[in-house]
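K.L.:
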Amino acid sequence: MISKIKFPKSELHCDYTFNGGQAFRWKIGSDGKWIGVFAHRVWKLWQDDNFIFYEVYPPKNSASASADEETLLKEYLRSDESLSDLYKDWSKRDRMFEEAAKKFTGVRMLKQDPVEIIFTFICSSNNNITRIKSMVDKMSKFYGNEIAEVDGETYHDFPTVEKLAHPSVLSDLQKAAFGYRAKFIQQSANKIMEFGGQEWINRLEKLPYKEAKAELIKLPGIGAKVADCICLMSLNHLEAIPVDTHVFQIAARYYLPHLKTMKSVTERVYNEIGDHFRSVFGDYAGWGHSVLFCDELKGFKDETSGSKRKKSQTKENRKCSKN
DNA sequence: GGCCGACCTGTGAG
DNA sequence: ACTCACAGGTCGG
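Take the first sequence: its letter number 283 is residue 283 in this note's numbering, and every next letter is one higher.
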């Protein structure tokens, strides 16, 4: 059954939102529609200028079920937030944003599941998008419940923490080429169980941002950057700014020139950058910054505009000291 | 407190 | 075919 909700494209641009580095379970099917998993269901999504159309699997027929699903979709998209209002506010606050906003319309910050985001971003460190996606798929396939078969492919829910805490997970994931992240995943799952499992996770959303972040950093494989991703994308702490290498470069180039001499991002600098963007963009700084940095994402590099900054000599370190 | 190298793996440029 | 750097970092010394 196909349903639809009114949702102008200016409020959601599926390509930028689903492919922008915040979600790793969306792909475009052979029919050209987005297909992905959230809220324990498989969703097919597509849009025109004014509506989002969707189908849910396994299909439900009763009207009450579909009303329920509309709510789930709206929560996932944070439909209560007016993106046009946010864009107006951010544009007023920052000239760089004003420019980026012309190109990257409809970038929403999704409200994703904390468990999935925690383990997805543990995988993200020092890694590339393709492999991160395949790792998320593997975790789901190994330990997640089967949800539905769509177009000949079986989709799985993301596993529970309890499943990921099982001792066999370490060797399973090592065999599946997770590398050093296998240990982080299994150990973090265990620690979350020790801390109280889902209740501990629920508490993270209620805690103030900085306290939630401090809790997350207790988990192995989670440092400042990954903790901020988790806060921003799944815990409603929209002021969290994940400072990666790109953000650092841009911050030093356009906002905080004195950082140009820094060799690496220390904790102090990390916080300085976050605080700066929070002072510029306000309470939803993390969301705003994600629009700003769309331009830095590989997937969105416009090959027709030859204005790519050459990566050039930002790293003149010739330290080929091999044994 | 800051800096440096090691770290699993897959991929793509040279 | 075969290095080698790099990829949304984290950890330990």
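A virtual CB, placed ideally from N, CA and C, is assigned to each residue, including glycine. Everything numeric in this text was worked out from a predicted model, so none of it was measured.
Taking the CB atoms as reference points, tell me whether Pro114 and Ser10 lie closer together than 8 Å.
P.N.:
In the first sequence, counting from the first residue as 1, residue 114 sits at position 114. In the first sequence, counting from the first residue as 1, residue 10 sits at position 10. Their beta carbons are not under 8 Å apart, which means Pro114 does not touch Ser10 by this criterion.
K.L.:
Put Arg318 into one of helix, strand or coil per three-state DSSP.
P.N.:
Working through the first sequence from its first residue, we reach residue 318 at position 318. Its pLDDT being 31, under 50, Arg318 is placed unreliably by the model, and nothing is read from it.
K.L.:
Would you call the segment 164 to 181 and the segment 48 to 68 touching, i.e. three or more CB-CB distances under 8 Å?
P.N.:
The segment 164 to 181 is not in contact with the segment 48 to 68.
K.L.:
Rounded to a whole number of angstroms, what is the C-alpha to C-alpha distance between Ile217 and Ala224?
P.N.:
Taking the first sequence and counting its residues from 1, one reaches residue 217 at position 217. Taking the first sequence and counting its residues from 1, one reaches residue 224 at position 224. Cα to Cα, the separation comes out at about 7 Å.
K.L.:
My understanding is that Asp94 touches Val269, with C-beta atoms under 8 Å, so please give their C-beta distance in whole angstroms.
P.N.:
Position 94 of the first sequence, counting from 1, holds the residue named residue 94. Position 269 of the first sequence, counting from 1, holds the residue named residue 269. Not really, about 20 Å apart at Cβ, beyond 8 Å.
K.L.:
According to DSSP, is Val243 helix, strand or coil?
P.N.:
Translated into positions along the first sequence, residue 243 becomes position 243. Of the three classes helix, strand and coil, the one that applies to Val243 here is coil, per DSSP.
K.L.:
Are the beta-carbon atoms belonging to Glu211 and Tyr284 less than 8 Å from one another?
P.N.:
Sequence index remark: in the first sequence, residue 211 carries index 211 (1-based). Sequence index remark: in the first sequence, residue 284 carries index 284 (1-based). Result no, Cβ atoms of Glu211 and Tyr284 do not sit closer than 8 Å.
K.L.:
Give the straight-line distance between the Cα atoms of Tyr255 and Lys206, rounded to the nearest whole angstrom.
P.N.:
Counted from its first residue, the first sequence places residue 255 at position 255. Counted from its first residue, the first sequence places residue 206 at position 206. Approximately 32 Å, taken between the alpha carbons.
K.L.:
Quick check on Pro159: buried or exposed, where buried means 16 or more other Cβ atoms within 10 Å of its Cβ?
P.N.:
By one-based count along the first sequence, residue 159 stands at place 159. Pro159 comes out buried.
K.L.:
Under the assumption that Gly36 contacts Trp26 (Cβ atoms under 8 Å), give the Cβ distance between them as a whole number of angstroms.
P.N.:
Your numbering for residue 36 matches position 36 in the first sequence. Your numbering for residue 26 matches position 26 in the first sequence. The pair is a contact, with the Cβ atoms about 4 Å apart (cut-off 8 Å).
K.L.:
Is the beta carbon of Ile250 closer than 8 Å to that of Gly274?
P.N.:
Your numbering for residue 274 matches position 274 in the first sequence. Your numbering for residue 250 matches position 250 in the first sequence. Contact: no.
K.L.:
So, are the CB atoms of Val150 and Ile192 less than 8 Å apart?
P.N.:
Mapped onto the first sequence, residue 150 falls at position 150. Mapped onto the first sequence, residue 192 falls at position 192. Not in contact: Val150 and Ile192 (Cβ atoms no closer than 8 Å).
K.L.:
Any idea which residues DSSP pairs Phe38 with across the strands?
P.N.:
What you label residue 38 is simply residue 38 of the first sequence in a count that begins at 1. According to DSSP, which records beta bridges pairwise, Phe38 is partnered with Arg41.
K.L.:
Cα separation between Val243 and Ser290?
P.N.:
Within the first sequence, residue 243 is the residue found at index 243, counting from 1. Within the first sequence, residue 290 is the residue found at index 290, counting from 1. Roughly 11 Å between the two C-alpha positions.
K.L.:
Cα separation between Gly21 and Glu194?
P.N.:
Your numbering for residue 21 matches position 21 in the first sequence. Your numbering for residue 194 matches position 194 in the first sequence. The alpha-carbon atoms of Gly21 and Glu194 are separated by roughly 30 Å.
K.L.:
Nearest-angstrom Cα distance between Asn127 and Gly282?
P.N.:
Numbered from its first residue, the first sequence carries residue 127 at position 127. Numbered from its first residue, the first sequence carries residue 282 at position 282. Approximately 30 Å between the Cα atoms of the pair.
K.L.:
By how many angstroms is the C-alpha of Ile5 removed from the C-alpha of Lys54?
P.N.:
Here residue 54 refers to the residue found at position 54 of the first sequence. Here residue 5 refers to the residue found at position 5 of the first sequence. Position check: residue 54 holds Tyr in this sequence, whereas Lys was assumed. For Tyr54 and Ile5, the distance between alpha carbons rounds to 8 Å.
K.L.:
Which of the three DSSP states, helix, strand or coil, is assigned to Trp26?
P.N.:
Residue numbering aside, residue 26 sits at position 26 when the first sequence is read from its first letter. The answer is coil: DSSP assigns Trp26 none of H, G, I, E or B.
K.L.:
Grouping DSSP H, G and I as helix and E and B as strand, with all else coil, what is Gln47?
P.N.:
Position 47 of the first sequence, counting from 1, holds the residue named residue 47. Strand.
K.L.:
My output table needs one value for Tyr180: the three-state DSSP class, helix, strand or coil.
P.N.:
Working through the first sequence from its first residue, we reach residue 180 at position 180. Note: Tyr180 maps to coil in three-state DSSP.
K.L.:
Alpha carbons only, please: which of Lys74, Asp48, Gly196 and Met109 is nearest the one belonging to Gly39?
P.N.:
As a first step, residue 39 is located in the first sequence; it is residue number 39 there, counting from the start. A small fix is needed here, since residue 39 is Ala in this sequence, not Gly. Per the Cα distances, Lys74.
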